[in-house]
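Enquirer: The structure that follows is given in the form of structure tokens.
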Ligand SMILES: NC(=O)c1ccc[n+]([C@@H]2O[C@H](COP(=O)([O-])OP(=O)(O)OC[C@H]3O[C@@H](n4cnc5c(N)ncnc54)[C@H](O)[C@@H]3O)[C@@H](O)[C@H]2O)c1
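In our numbering, the protein residues as written are 138 to 500.
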């Protein structure tokens with residue numbers, strides 16, 4: 138594409154996050170990147186975002202933005218149930234689409250979204266933003282190094298987050314409604330981890346899961362434990378928790394056991410990785426983590442951007458690459474294929490939880 142003219146649909150938490158990120162990277166693309174409009178049924182939210190992030194037009198009519206012939210790229214940032222409507226309308230008009238995870242409220246709807254996007258052939262990218270986080274690229278490098286010396290045995294992840302039922306940054310309660318959200322912590326938040334696990338460790342073969350619903354919102358689990366078996370024979374355990382402990386930050390805590398080494402990763406405050414083996418313990422923090430990845434293709438052109446790379450602003454890094462790849466005609470990543478795959482693994486977890494933890498195979 139020669140010029141990108143973006144319309145953002147949704148001015149809530151993630152719509153604003155994209156507006157912020159795109160404004161940050163805009164000077165890097167000169168007049169080839171325009172953030173033309175933002176739409177939300179809440180006109181005030183659209184107006185505030187337009188003012189805060191210098192967006193030309195705001196409206197409460199989302200279709201007027203999708204249909205605008207000057208706009209050729211759409212960001213879908215509405216509550217989960219509505220992505221399909223935005224994606225269908227934009228795909229029918231041949232527009233490139235960035236859409237947020239989990240992008241559907243059911244397996245059937247996820248398949249329908251995939252059919253629309255694959256059928257139309259429009260460039261598309263799903264918001265698995267952790268794939269753009271320098272920390273996880275450093276982890277991937279460490280995993281490859283350690284794997285050459287010692288066999289990977291098992292992975293443990295605890296992912297906890299403040300219950301976002303009241304919204305992440307402002308009051309919105311759609312995450313408490315099963316028809317709008319699809320389900321609870323696993324699909325809404327843990328889907329990032331389902332994608333990350335396969336990106337880091339390879340294909341999952343089968344899962345066994347149990348869920349619980351302490352807060353009592355119908356169909357919205359706030360606890361999910363998953364046992365995973367990878368095609369490689371490696372095993373894993375994930376626990377996803379939505380809690381109500383404001384004094385505790387939301388963190389991901391990984392423990393990755395090799396025969397003769399342990400890698401731990403915490404996303405508390407700054408990201409930390411520790412590597413222990415028989416003879417040593419290495420604690421990697423900023424700037425060590427970033428030095429490990431700064432020459433990789435994804436990051437090397439951003440090596441002077443302390444505000445993006447060194448503070449690990451992975452939303453901005455993600456949006457930078459979305460824009461750059463579109464302009465240069467490169468393939469986008471991750472796409473709806475990856476989104477559908479993570480959704481499929483998640484769906485197997487829900488199937489298993491319904492059967493009290495029975496193993497469910499994933500083809
Ligand atoms: N990638 C990530 O890290 C990440 C983080 C947060 C949310 N998300 C995803 O982004 C999506 C939105 O989440 P959010 O946190 O921004 O929610 P939010 O509640 O903060 O924002 C949603 C916005 O959509 C508007 N809206 C709702 N229904 C609408 C409709 N029918 N027409 C027009 N506008 C409508 C609301 O007024 C609100 O401003 C969800 O799918 C969520 O899972 C992704």
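All C-beta atoms, glycine included, are put in the ideal place defined by N, C-alpha and C. All figures in this text were calculated on a predicted structure; none of them were measured in a lab.
Which residues mark the beginning and the end of the beta strand (DSSP E) in which residue 373 is found?
Expert: Residue numbering aside, residue 373 sits at position 236 when the chain shown is read from its first letter. Here the beta strand (DSSP E) through residue 373 covers 372–380.
Enquirer: Are the stretch 369–379 and the stretch 315–332 in contact at 8 Å, needing three or more beta carbon pairs?
Expert: yes
Enquirer: Terminal residues of the continuous alpha helix (DSSP H) containing residue 273?
Expert: Numbered from 1 along the chain shown, position 136 holds the residue referred to as residue 273. Per DSSP, residue 273 belongs to the alpha helix (DSSP H) from 271–284.
Enquirer: Output needed for residue 368: all residues of its chain with C-beta closer than 8 Å, excluding positions within five of it in sequence on either side, in chain order.
Expert: Here residue 368 corresponds to residue number 231 of the chain shown, with the count starting at 1. These residues qualify, in order along the chain: 339, 340, 341, 342.
Enquirer: If you draw a straight line from the alpha carbon of residue 494 to that of residue 358, how long is it in whole angstroms?
Expert: For this step, residue 494 is matched to residue 357 along the chain shown. For this step, residue 358 is matched to residue 221 along the chain shown. The straight-line gap from Cα to Cα measures roughly 15 Å.
Enquirer: With 16 as the cutoff for other CB atoms within 10 Å, does residue 351 come out buried or exposed?
Expert: Within the chain shown, the letter at position 214 stands for residue 351. So residue 351 ends up on the exposed side.
Enquirer: Counting only the same chain and skipping the five closest in sequence on each side, list residues whose C-beta sits under 7 Å from that of residue 455.
Expert: The residue labelled residue 455 in the question sits at position 318 within the chain shown. Annotation for residue 455: 266, 269 place their beta carbon closer than 7 Å to its own, counting only its chain and skipping 5 residues before and after.
Enquirer: Hey, would you say the C-beta of residue 480 is under 7 Å away from at least one heavy atom of ligand 1?
Expert: Here residue 480 refers to the residue found at position 343 when the chain shown is read from its first residue. Every heavy atom of ligand 1 is 7 Å or more from the Cβ of residue 480, so no.
Enquirer: For residue 338, which of helix, strand or coil comes out of DSSP?
Expert: Counting from one through the chain shown, the residue named residue 338 turns up at place 201. Residue 338 falls in the helix class under three-state DSSP.
Enquirer: If you run the structure through DSSP and keep just helix, strand and coil, what is residue 226?
Expert: Locating residue 226 in the chain shown gives position 89, counting from the first residue. Residue 226 falls in the helix class under three-state DSSP.
Enquirer: What did DSSP end up calling residue 262 once you bin it into helix, strand or coil?
Expert: Position 125 of the chain shown, counting from 1, holds the residue named residue 262. Residue state, collapsed to three classes: strand.
Enquirer: May I ask you to list the residues that DSSP assigns as paired with residue 392?
Expert: Start at 1 with the first residue of the chain shown, and residue 392 comes out as number 255. Partner(s): 293, 401.
Enquirer: Measure the alpha-carbon distance for residue 181 versus residue 214 and round it to whole angstroms.
Expert: Within the chain shown, the letter at position 44 stands for residue 181. Within the chain shown, the letter at position 77 stands for residue 214. CA-CA distance, residue 181 to residue 214, rounds to 16 Å.
Enquirer: With a CB to CB cut of under 6 Å and the five nearest residues on each side skipped, what residues in its chain are close to residue 158?
Expert: Within the chain shown, numbered from 1, the residue matching residue 158 stands at position 21. Excluding positions up to five away in sequence, the list reads 452, 453, 456.
Enquirer: Taking the runs of the beta strand (DSSP E) that are 3 residues or longer, which of them lie wholly in the stretch 411–497?
Expert: 418–421
Enquirer: Do the stretch 223–238 and the stretch 247–256 meet, that is, are 3 or more Cβ pairs less than 8 Å apart?
Expert: yes
Enquirer: Under 7 Å from any heavy atom of ligand 1, does the C-beta of residue 219 make it?
Expert: Walking along the chain shown from the start, residue 219 turns up at place 82. It does: the Cβ of residue 219 is within 7 Å (strictly closer) of some heavy atom of ligand 1.
Enquirer: With a threshold of 7 Å, establish whether the CB of residue 302 neighbours any heavy atom of ligand 1.
Expert: Position 165 of the chain shown, counting from 1, holds the residue named residue 302. Result no, Cβ not under 7 Å from ligand 1.
Enquirer: If I measure Cβ to Cβ from residue 278 and keep anything under 8 Å in the same chain, skipping five residues before and after, which residues do I get?
Expert: Your numbering for residue 278 matches position 141 in the chain shown. Result list for residue 278: 429, 430, in chain order.
Enquirer: Evaluate residue 348 with the Cβ neighbour count: other Cβ atoms within 10 Å of its Cβ, from every protein chain shown; 16 or more gives buried, anything less gives exposed.
Expert: Here residue 348 is taken as the residue at index 211 of the chain shown, counted from 1. Buried.
Enquirer: Check whether the Cβ atoms of residue 210 and residue 463 sit closer than 8 Å, and answer yes or no.
Expert: By 1-based counting over the chain shown, the position of residue 210 is 73. By 1-based counting over the chain shown, the position of residue 463 is 326. Cβ distance < 8 Å, so residue 210 and residue 463 count as in contact.
Enquirer: Look at the Cβ atom of residue 291, then the Cβ atom of residue 166, and state whether they are nearer than 8 Å.
Expert: To locate residue 291, count along the chain shown from 1; it is residue 154. To locate residue 166, count along the chain shown from 1; it is residue 29. No, the pair does not count as a contact, with Cβ atoms beyond the cut-off.
Enquirer: If distances are taken between C-alpha atoms only, which option among 152, 164, 168 comes closest to residue 176?
Expert: Working through the chain shown from its first residue, we reach residue 176 at position 39. Comparing Cα positions, the closest option is 152.
Enquirer: Can residue 142 and residue 162 be called in contact, C-beta distance under 8 Å?
Expert: Taking the chain shown and counting its residues from 1, the one referred to as residue 142 is at position 5. Taking the chain shown and counting its residues from 1, the one referred to as residue 162 is at position 25. No, the Cβ-Cβ distance between residue 142 and residue 162 is not below 8 Å.
Enquirer: Just to confirm before moving on: does the CB-CB distance between residue 199 and residue 234 stay below 8 Å?
Expert: For the purposes of this step, residue 199 is taken as the residue at position 62 of the chain shown. For the purposes of this step, residue 234 is taken as the residue at position 97 of the chain shown. Contact flag unset, no.
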